[in-house]
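Protein chains in written order, with UniProt numbering: chain L, 1 to 293; chain W, 1 to 190. Encoded as structure tokens, the structure appears first; notes follow it.
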Amino acid sequence: MVEWKKDLGLEGRMILTMFLLAAVYLFFLVFLASMGTPQTFMLLFIALFMGAQYYYSDKLVLWTMNARLVSESEEPKLHETITRLCVIAGLPKPKVAVVDTSVPNAFATGRGPKNAVVAVTTGLMRKLDQGELEAVLAHELSHVKNRDMAILTIASFISTLAFYIVRYSFYFGAFGGNRRNSNGGFVAIWIVSILVWIISFLLIRALSRYREFAADRGSAQITGNPVNLISALRKISGTMANVPTEDLRKVEGMNAFFIIPAVSGSMMSLISTHPSMEKRIAALEKIQREIEL
Amino acid sequence: MGIRDMFNSVLGRGKVPEAKTDRLFAISTAVITLEMNLNLKPSSVAGICFKSMEMSKYQNAREEIEQLLKFSTKETGTDYNIEKDEYNFLWVLLKDKDFEDLVTNIHMISQTLIEEGFGGQILCAVYRFESDGPVYWIYNFKQGNYYPFAPQGKNNRDNSMEFRLKSLMEKELPIEKDVGKWYPLWTMPF
């Protein structure tokens, strides 16, 4: 009998992060209200902006990534592999896209399981064997199943508000010219916004890393083979280190959605969207032990 | 989406749904209607497909299935063989003139996998019928439903035939309502 234990530590850290984020946001909104900043308009504006971004995420990401949707007759094997994994995971089948680049990578996007797109690069299909490809696809399908796109969009909502205040408040003068009409109030709003933005940024990045661990777990559970994901991660990161960075720079903004971040190295572990390779492999090895022993 | 699903999503706990075998047997009564009224003859072959894994516990489960198969097929006079397809999935292929025996053996295999903790990794069970060409009834263990699959050539399917089968068999067979889940299996090993 195979037992899939829950990772209570991981779930606990996730809840704590979300809780802290909510607390920071609540504080920020109360603070803005107390300063007399007209936030309803700004919130509406950002909600509209992020809503659109979220709603069109599938098309938007495919477009920025230069990915093209492929039909079943174009990529029969890729389609069939994804179909089989979806049957096992109990997910509706997503659209399938391919990016023409030798850089091995994969990502998933879309606002929910019914509108999801899973994309792989041609380099990934060339580099990995069937088992490894399956593991990577199962990781992406787990992102879809866990609704990571929605969760990270919601998590970064107020953070975006803080960012806009930091970025644009100078243009608008005292940002709504608070009723007290003092420069002190303006500076305070600016400083608090910057702090909120930095703290929430770190928390969102932490959440993003926990979601990666969760997707790795999901992959192991769907395929029943944690080792396949380990060898896929090793292979991908091995190649990532050797490719020139020029064509990678374009995709920097997409990092959070990749199986392996395209840009890394100099980045500190604190602000990375992904946990380090060693930590991911260690976590997968632990799962392997749990189910085997 | 239910509260429970929402909760699991938020915790990143995306679970693999368990296999449902309760409606697997519905095919054994439906087969009479299929043969009498629709002229779909059972071709006395069936198969069950599940993921192959590199886990010692899985190897044990597989050995147990083989033991049970040896035993039960001797009793029912069923031929069987096990093969791996190009996606690294395992097929247990069964051959028997008696349709009931095919269903019993498929149920036995799925039950063993579930008991060993691999129910989540069962892909489907397939029964082959003959009309002008092959017509398959595929049982999806996650949904606990059947759906028809009538391939034509390499990657075409006879949709009108499939829809006809759905409307005619709906009362007798639990058929998947969402046509988007009628997944084809182009590389059927039989």
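The beta carbon of each residue, even a glycine, is placed where N, CA and C say it ideally should be. These numbers were taken from a predicted model, which means no experiment stands behind them.
Query: Can you grab the Cα-Cα spacing for the pair residue 175 of chain L / residue 24 of chain L, in whole Å?; Result: Interpretation of residue 175 of chain L is limited by its pLDDT of 49, a score under 50 that renders its predicted location unreliable; the figure taken from the coordinates is listed afterwards. C-alpha separation (whole angstroms): 21 Å.
Query: Is residue 42 of chain W close to chain L, meaning its C-beta is less than 8 Å from at least one C-beta of that chain?; Result: no
Query: Which chain L residues sit within Cβ distance under 9 Å of residue 10 of chain W?; Result: 14, 15, 18, 146, 147, 151
Query: Do residue 168 of chain W and residue 38 of chain W come within 8 Å of each other at the CB atom, strictly closer than that value?; Result: yes
Query: Using a cut-off of 8 Å between C-beta atoms, extract the partners of residue 5 of chain L located in chain W.; Result: Correct list: empty, because the minimum Cβ distance to chain W is about 12 Å.
Query: Could you name the residues of the segment 111-126 of chain W whose beta carbon sits closer than 9 Å to any beta carbon of chain L, in the order they occur along the chain?; Result: 115, 116, 117, 118, 120, 121, 122, 123, 124
Query: Quick one: which chain W residues come within Cβ less than 9 Å of residue 92 of chain L?; Result: 178, 180, 181
Query: Let me confirm a value: residue 156 of chain L is counted as buried when at least 16 other C-beta atoms fall within 10 Å, else exposed. Which label applies?; Result: buried
Query: Looking at the unbroken alpha helix (DSSP H) that takes in residue 63 of chain L, where does it start and where does it end?; Result: 57-65
Query: From W/52, W/188, W/138, pick the residue whose C-alpha is nearest to that of residue 166 of chain W; which is it?; Result: W/138
Query: Just the C-alpha distance for residue 197 of chain L and residue 51 of chain L, rounded to the nearest angstrom, thanks.; Result: 20 Å
Query: Any beta carbon from chain W within less than 8 Å of residue 83 of chain L's own beta carbon?; Result: yes
Query: Measure from the C-beta of residue 142 of chain W to each C-beta in chain L and report whether the shortest distance is under 8 Å.; Result: yes
Query: Could you list which residues in chain W have their beta carbon closer than 9 Å to that of residue 223 of chain L, in chain order?; Result: 51, 53, 121
Query: Counting only runs that start and end within the segment 113-172 of chain L, where is the alpha helix (DSSP H) found for 4 or more residues in a row?; Result: 122-127, 130-145, 148-155, 157-168
Query: Using a Cβ cut-off of 9 Å, pull out every chain L residue sitting near residue 159 of chain W, in sequence order please.; Result: Simply none; closest approach about 14 Å.
Query: Could you tell me which residues DSSP pairs with residue 100 of chain L in its beta bridges?; Result: Residue 100 of chain L pairs with nothing; no bridge assigned.
Query: Is residue 190 of chain W close to chain L, meaning its C-beta is less than 8 Å from at least one C-beta of that chain?; Result: no
Query: Check the Cβ of residue 14 of chain W against every Cβ in chain L and list those closer than 7 Å, keeping chain order.; Result: 142, 145, 146, 218
Query: For chain W, is any of its Cβ atoms less than 8 Å away from the one on residue 175 of chain L?; Result: Summary for residue 175 of chain L: the model assigns pLDDT 49, below 50, so the residue's position carries little reliability; its value from the coordinates is reported in the next sentence. It does not: the Cβ of residue 175 of chain L has no partner Cβ on chain W nearer than 8 Å.
Query: Quick one, are the C-beta atoms of residue 126 of chain W and residue 95 of chain W less than 8 Å apart?; Result: no
Query: Along the chain, where does the beta strand (DSSP E) containing residue 149 of chain W start, and where does it finish?; Result: 145-149
Query: Tell me which residues share the same chain as residue 267 of chain L and place their Cβ nearer than 6 Å to its Cβ, disregarding the 5 neighbours each side in the sequence.; Result: Note that residue 267 of chain L scores a pLDDT of 49, beneath 50, so its modelled location is shaky and nothing firm can be said.
Query: Excluding sequence positions up to five away, which residues of its chain have a Cβ less than 8 Å from the Cβ of residue 187 of chain L?; Result: none
Query: Closest to residue 7 of chain L by CA distance: which of L/282, L/134, L/214, L/127 is it?; Result: L/214
Query: For residue 87 of chain L, return the contacting residues in chain W, with the cut-off set at a CB-CB distance below 8 Å.; Result: 123, 124, 140, 142, 183
Query: Kindly indicate which residue of W/159, W/81, W/87 has the alpha-carbon position closest to the one of residue 106 of chain W.; Result: W/81
Query: Got a sec: which bits of the segment 17-34 of chain W sit with their beta carbon under 7 Å from any beta carbon on chain L, in order along the chain?; Result: 17
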